[in-house]
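Peer 1: Take a look at this one; I'll ask things after.
2 protein chains.
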Amino acid sequence: MHDHDSCIRAALSHAESHCAREGVQLTPVRRRVLEILLEEHRALGAYEILDRLRDEGLGGQPPVVYRALDFLIRAGLVHRIETLNAFAACAHAGEGHVPVFLICRQCRHVIETPAPAGGQLERAAEGAGFAIETTVREAEGLCADCRTAA
Amino acid sequence: MHDHDSCIRAALSHAESHCAREGVQLTPVRRRVLEILLEEHRALGAYEILDRLRDEGLGGQPPVVYRALDFLIRAGLVHRIETLNAFAACAHAGEGHVPVFLICRQCRHVIETPAPAGGQLERAAEGAGFAIETTVREAEGLCADCRTAA
DNA sequence: GGTGTTCTGTTATAATATAACTCATCCAGG
DNA sequence: CCTGGATGAGTTATATTATAACAGAACACC
Ligand SMILES: [Zn+2]
Ligand SMILES: [Zn+2]
Ligand SMILES: [Zn+2]
Ligand SMILES: [Zn+2]
Chain A
31 MHDHDSCIRA
41 ALSHAESHCA
51 REGVQLTPVR
61 RRVLEILLEE
71 HRALGAYEIL
81 DRLRDEGLGG
91 QPPVVYRALD
101 FLIRAGLVHR
111 IETLNAFAAC
121 AHAGEGHVPV
131 FLICRQCRHV
141 IETPAPAGGQ
151 LERAAEGAGF
161 AIETTVREAE
171 GLCADCRTAA
Chain B
31 MHDHDSCIRA
41 ALSHAESHCA
51 REGVQLTPVR
61 RRVLEILLEE
71 HRALGAYEIL
81 DRLRDEGLGG
91 QPPVVYRALD
101 FLIRAGLVHR
111 IETLNAFAAC
121 AHAGEGHVPV
131 FLICRQCRHV
141 IETPAPAGGQ
151 LERAAEGAGF
161 AIETTVREAE
171 GLCADCRTAA
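Those protein sequences? They're chains A and B, same order as listed. Here the working numbering is used: the first sequence runs in plain steps of one and ends on residue 180. Here the working numbering is used: the second sequence runs in plain steps of one and ends on residue 180.
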């Protein structure tokens, strides 16, 4: 099993030092959005996050949460999952990785696996003279638990 | 340069024989959606396609175009580009490939490159005991033309 | 001619995302 | 001090993307 409390603390402290180093602000809204994603430990839609914020009296309109997510994504602390139109806290913040996501269509869990750069996308881009800026690598299927359950 | 007329004809004839083989119908709406995507030779949003259909008196409501797109995607004739929430005719229909997309953020062109199976996604999945059903591989950046222009 | 199947038409609405403007705060330069 | 720029939050309204739900046409099979 996984020590979720210490995993959250580590991620938050990484976020703090990252923001301090970059000279940007981890404001209460931004910090709370990151905490929510870390606590849930799964991908949440922007409006799910917004509902949580609203319950806590912290910014009741969509732009608030979308701006916070933009910030966290630019900082590399959160990833957007294109396949789900959802967002998840990075599970390997600060490790210099390309994110690869495995999304279970049954239990909806998202596994972020660390991967080195230099896969098919990079090779394809090189062949075409294309300069990559960001990449999306996502797979949908059945996770190990759901496979054994079935 | 690229002989677009013959490329469209080839793709349509592949679509016809594929549907005949599978015993499914390439109806007028479905065929026209595929033609539009082939003619444009780029990624179109569902509502852009819908506007074109409407002009031709062929199905004026969103469900019509979304249903046609579902069909064409299931048939492997069209791909959904997750990064753009858009759709593009497959440039390698019938060649048994995993789609890899290079999306230029400047000219919005989408390059579909053929790629073999067995990249990072598959390796990551194997390590996690995850059974892949579909994959998304997309990169955003600058295409060769836009790089030389800049 | 009934009966199941497939496809389309239509209305309404859900879910996701952004534009545009306002206001508060902080802080460096004068 | 006080002021002008920068940053971030609040708010209203709206744009964009996608689906639910149900009705009717067309056809195929028995
Ligand atoms: Zn990550
Ligand atoms: Zn699962
Ligand atoms: Zn393809
Ligand atoms: Zn370009």
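Backbone N, C-alpha and C fix where the C-beta goes; we use that ideal spot for every residue, glycine too. Just so you know, these numbers come straight off a predicted model, no measurement behind them.
Could one say the Cβ of Thr164 (chain B) lies closer than 7 angstroms to chain A's Cβ atoms, at least one of them?
Peer 2: Chain A contact via Cβ: present.
Peer 1: Find the residues of chain B that neighbour Arg177 (chain A), judging by a C-beta separation of less than 9 angstroms, and give them in chain order.
Peer 2: Neighbours of Arg177 (chain A) on chain B, chain order: Gly159, Phe160, Ala161.
Peer 1: Once DSSP output is grouped into helix, strand and coil, what is the label at Ala116 (chain A)?
Peer 2: Note: Ala116 (chain A) maps to strand in three-state DSSP.
Peer 1: Among A:Arg138, A:Gly106, A:Gln150, whose alpha-carbon lies nearest the alpha-carbon of His44 (chain A)?
Peer 2: Ranking A:Arg138, A:Gly106, A:Gln150 by Cα distance to His44 (chain A) puts A:Gly106 first.
Peer 1: Please list the residues of the segment 66-86 of chain A that have a C-beta atom closer than 8 angstroms to any C-beta atom in chain B, keeping them in chain order.
Peer 2: Those would be none; no residue qualifies.
Peer 1: Using the three-state DSSP reduction, which class does Pro184 (chain B) fall into: helix, strand or coil?
Peer 2: Because chain B spans 31 through 180 in this model, residue 184 (chain B) falls outside it and cannot be assessed.
Peer 1: Under 6 angstroms: does the beta carbon of His71 (chain B) sit that close to some heavy atom of ligand 3?
Peer 2: No - ligand 3 has no heavy atom lying nearer than 6 angstroms to the Cβ of His71 (chain B).
Peer 1: Any heavy atom of ligand 3 inside 6 angstroms of the beta-carbon of Cys37 (chain A)?
Peer 2: Not so, every heavy atom of ligand 3 lies at least 6 angstroms from the Cβ.
Peer 1: Given this structure, state the Cα-to-Cα distance separating Cys119 (chain A) from Arg138 (chain B), to the nearest angstrom.
Peer 2: According to the sequence provided, residue 119 (chain A) is Ala. The question's Cys does not apply to it. Cα to Cα, the separation comes out at about 29 angstroms.
Peer 1: Can you list, in chain order, the residues of the segment 90-123 of chain A whose Cβ is nearer than 9 angstroms to any Cβ on chain B?
Peer 2: Those would be Glu112, Thr113, Asn115, in chain order.
Peer 1: With a threshold of 16 other CB atoms inside 10 Å of the CB of His34 (chain B), please say whether the residue is buried or exposed.
Peer 2: That one is exposed.
Peer 1: Here's a check: name, in chain order, each residue in its chain whose Cβ is nearer than 7 angstroms to the Cβ of Leu67 (chain B), leaving out the five neighbours to either side.
Peer 2: Hits under 7 angstroms: Leu74, Val108, Phe117, Ala118, Ala119.
Peer 1: Quick check on DSSP: helix, strand or coil for Val130 (chain A)?
Peer 2: Three-state DSSP puts Val130 (chain A) in a strand.
Peer 1: Determine the contact status of Leu218 (chain B) and Arg62 (chain B), defining contact as a CB-CB distance below 7 angstroms.
Peer 2: Because residue 218 (chain B) is not part of the residues shown, which for chain B are 31 to 180, the question remains open.
Peer 1: Got a sec, what are the start and stop residues for the alpha helix (DSSP H) Val94 (chain A) sits in?
Peer 2: First-last of the alpha helix (DSSP H) with Val94 (chain A): 92-104.
Peer 1: So, with DSSP's three-state summary, where would you put Thr164 (chain A)?
Peer 2: Reduced to three states, the DSSP call for Thr164 (chain A) is strand.
Peer 1: Find the nearest neighbour of Thr143 (chain B) within the set A:Val140, A:Gly159, A:Ala41, A:Pro146, judged by alpha-carbon distance.
Peer 2: For the residues A:Val140, A:Gly159, A:Ala41, A:Pro146, the minimum Cα distance to Thr143 (chain B) belongs to A:Gly159.
Peer 1: Looking at the unbroken alpha helix (DSSP H) that takes in His109 (chain B), where does it start and where does it end?
Peer 2: Element bounds for His109 (chain B): not the alpha helix (DSSP H) but the beta strand (DSSP E), 108-111.
Peer 1: Give the interface partners of Val130 (chain A) over in chain B, defined as CB-CB distance under 8 angstroms, in chain order.
Peer 2: Residues of chain B passing the Cβ test: Gln150, Leu151, Ala154.
Peer 1: If you draw a straight line from the C-alpha of Leu42 (chain A) to the C-alpha of Pro92 (chain B), how long is it?
Peer 2: One C-alpha to the other measures close to 43 angstroms.
Peer 1: Whose CB is closer than 5 angstroms to a heavy atom of ligand 1? List the residues in chain order.
Peer 2: Here the residues come out as A:Cys120, A:His122, A:Pro129.
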